[in-house]
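Following: one structure in structure tokens, then a few remarks.
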Amino acid sequence: MSALGLSRGTSGNVSARAGDGMLVTPSALSYEAMEPRDAVHLDLDGRTLEGDRKPTTEWPMHAALYNARPDIDAVVHTHAPFCTTLATLRRGIPAFHYMVAMAGGDSIRCAPYATFGTPELALAAVQALQDRRACLLANHGMVALGPSPQAALDLAVEVETLAEIYWRAIQVEEPARLTAEEMAAAMERFRTYR
Ligand SMILES: [Zn+2]
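Be aware that the sequence shown starts at 0, since it is given in numbering that gives the first Met the number 0, and climbs by one per residue.
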């Protein structure tokens, strides 16, 4: 995440579904210093099953997503700069580019603000991710979901790229939007593309 420009220092966190629980990144440890054994195995109520580290403070959001979304097995959360810029404006990403469909629909929503690490933020993320695989978190950052950590990471990179382009466009004016039919056609194309 650091090498891809999605994260600096210790911000952001990652998880993968593991059995009935999840493996999460530890709290307050830089990605450069992190090793596989630093991952913490938690059940979905936050109890440590294995690991010596303190889990990420954002574990309730990861747990809520695994509970709500049987279709996903990995969660990437970052404070990627362009996503976070839009999130501080409380603006989601509209259908200004067909690649928005990669996130599952014709928009990437921005969830309302809630304090980090709280069940309120977890609920806001679950709701903003309804029928989607990515969302922004107001005044905070972004979340990407996937069937694997690599897929969630790849989507996070796509969404940050879209956020950067959207941010550039709105310096000039609000960009043209694709119609519902045009986005549906892009989504249909993605379904048969891979
Ligand atoms: Zn965060």
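Just so it is clear, CB atoms sit at the ideal spot from N, CA and C, and this is done for glycine as well. Here the structure is a predicted model, which means the values were calculated and not measured.
May I ask you to report which of helix, strand or coil DSSP gives residue i?
i      : result
Ala15  : strand
Gln175 : Residue 175 is actually Ala in this sequence, not Gln. The answer is coil: DSSP assigns Ala175 none of H, G, I, E or B.
Leu85  : helix
Met21  : strand
Leu93  : Strictly speaking, residue 93 in this sequence is Pro, with Leu absent from that position. DSSP places Pro93 in coil when its eight states are reduced to three.
Leu3   : coil
Phe189 : helix
Met98  : helix
Tyr165 : helix
Met182 : helix
Glu159 : helix
Asp153 : helix
Do residue j and residue i have their beta-carbon atoms positioned less than 8 Å apart in this structure?
i      : j      : result
Glu163 : Phe95  : no
Ala63  : Leu122 : yes
Glu159 : Leu5   : yes
Gly212 : Leu43  : Residue 212 is absent from the structure shown; the chain starts at 0 and stops at 193.
Please find out if some non-hydrogen atom of ligand 3 comes closer than 7 Å to the beta-carbon of residue i.
i    : result
Gly8 : This structure simply doesn't include ligand 3; it includes ligand 1 instead.
Looking at the secondary structure, which residues open and close the alpha helix (DSSP H) in which residue i lies?
i      : result
Glu119 : 118–127
Thr9   : Per DSSP, Thr9 belongs to no alpha helix (DSSP H) and is neither H nor E.
Leu64  : 58–67
Any idea which residues DSSP pairs residue i with across the strands?
i      : result
Thr47  : Leu41
Val142 : His76, Cys134
Ala110 : Leu136
Pro54  : Pro25
Give the C-beta separation of residue i and residue j to the nearest angstrom, bearing in mind that I take them to be a contact with Cβ-Cβ under 8 Å.
i      : j      : result
Arg132 : Ala143 : 7 Å
Asp130 : Gly104 : 6 Å
Trp58  : Val23  : 5 Å
Arg108 : Tyr65  : Not confirmed; about 20 Å, so no contact.
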